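Under my numbering, think of the first position of the sequence shown as 4, with each following residue one higher.
Beta carbons: idealized from backbone N, C-alpha and C, even for Gly.
All figures in this text were calculated on a predicted structure; none of them were measured in a lab.
First comes the structure, then the notes that go with it.
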Amino acid sequence: MAKKEINEFDYKRLFEETASGQEVLEELIARFSMPPSFDEHNATLKTYYRAGQRSVVDFILSRINRANGVNEDV
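Next up, the structure:
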């Protein structure tokens, strides 16, 4: 059986149209969208680490936005 290709509407359905999906998305944003670290030891490494985590959340939000007709290039 062929694997279904996941598209932006799948992200919208999962994260916007179900209560548990909305809760999961809120937790992902809270957990992985922390601001960069500037005053701690190894701040540069922590900033890169957090940017990597945040990129996953940004990808999910980008797919949801596309499904809602939001053009992020503007």
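CA-to-CA, the gap between Pro38 and Ala5 works out to about 40 angstroms.
Note that the C-beta distance between Val59 and Leu17 is not below 9 angstroms. In the three-state DSSP reduction, Ala54 falls in the helix class (H, G or I).
Within the model, the alpha-carbon separation for Ala70 versus Leu48 is close to 34 angstroms. Counted as a single uninterrupted DSSP element, the stretch harbouring Val73 is not any alpha helix (DSSP H), since DSSP gives it neither H nor E.
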